[in-house]
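S.K.: Here the sequence shown stands for residues 3 to 121, numbered as in the numbering used here.
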Amino acid sequence: MLVFYFIYINNKPQQFVCRIPVPEYFCGTQAFPHAVEGKDAFNSVCAACHKLDARSTGPALRNMDSITYVKWIVDRKSKIDTTKFEKFGIDYHRHISREILDSLDIKYLFEYTNREPAY
């Protein structure tokens, strides 16, 4: 009995000390500060016709030139690249963009579309 009592008293939980820092686990890449707002705007306004890396109904939007990007969204008189829009008189893209997106949303969209791909 004395032996069991001795084992019981001396059986304290051991705490292991390790000098290696505990790693912080994260998923994906670090986004720009306002890329989340840009992604929300992209998904609600642009994603029906555009993709980031592939051509869909509209062109791919990743790494687009900033001047072209803003002109295409905001300026009604900027040159239209495709004859399809001129032929049918469709100005839906710029009309909707101007109603829904303000200048801050356009900035966030540009931040989101110009980030590096996650792959």
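Beta carbons: idealized from backbone N, C-alpha and C, even for Gly. This structure is a prediction, so every number in the text was calculated from the model and none was measured.
Would you call D104 buried or exposed, if buried means 16 or more other Cβ atoms sit within 10 Å of its Cβ?
M.R.: Here the question's residue 104 lines up with position 102 in the sequence shown. Exposed: under 16 other Cβ atoms inside 10 Å.
S.K.: Would you report the Cα separation of H52 and N45, rounded to the nearest angstrom?
M.R.: The count along the sequence shown starts at 1 and reaches residue 52 at position 50. The count along the sequence shown starts at 1 and reaches residue 45 at position 43. Roughly 9 angstroms between the two C-alpha positions.
S.K.: To which residues of the same chain is T1 closer than 6 angstroms at the C-beta, ignoring the five residues directly before and after it?
M.R.: There is no way to answer for residue 1, as the model of the chain reaches only from 3 to 121.
S.K.: Check the C-beta distance from I108 over to I75 and give it rounded, since I have them as a contact under 8 angstroms.
M.R.: Within the sequence shown, residue 108 is the residue found at index 106, counting from 1. Within the sequence shown, residue 75 is the residue found at index 73, counting from 1. Correct: roughly 6 angstroms between the Cβ atoms.
S.K.: Going along the chain, which residues of its own chain have a beta-carbon closer than 6 angstroms to the beta-carbon of T115, five neighbours each way excluded?
M.R.: Within the sequence shown, numbered from 1, the residue matching residue 115 stands at position 113. If we look at T115 and ignore the five residues flanking it on each side, its Cβ neighbours are L63, R64.
S.K.: Can you name, in chain order, every residue of its own chain whose Cβ lies under 6 angstroms from the Cβ of K89, other than the five neighbours on each side?
M.R.: Within the sequence shown, the letter at position 87 stands for residue 89. Model confidence at K89 stands at a pLDDT of 49, short of 50, so the residue's coordinates are unreliable; what they give is reported in the following sentence. Same-chain partners within the cutoff: there are none.
S.K.: If you drop the 5 nearest sequence neighbours on each side, which residues of the same chain put their C-beta closer than 7 angstroms to that of Y110?
M.R.: Within the sequence shown, numbered from 1, the residue matching residue 110 stands at position 108. Closer than 7 angstroms at the Cβ level, and outside the excluded window around Y110, lie H36, E39, G40, A43.
S.K.: For C51, name the three-state secondary structure that DSSP assigns.
M.R.: In the sequence shown, counting from the first residue as 1, residue 51 sits at position 49. Coil at C51, not helix or strand.
S.K.: Of all the options L106, I102, D55, which has the alpha carbon lying nearest to the alpha carbon of R117?
M.R.: By 1-based counting over the sequence shown, the position of residue 117 is 115. Comparing Cα-Cα distances from R117 to each of L106, I102, D55, the minimum goes to D55.
S.K.: In angstroms, rounded to a whole number, what distance separates the CA positions of C48 and I102?
M.R.: Taking the first residue of the sequence shown as position 1, residue 48 is located at position 46. Taking the first residue of the sequence shown as position 1, residue 102 is located at position 100. The alpha-carbon atoms of C48 and I102 are separated by roughly 11 angstroms.
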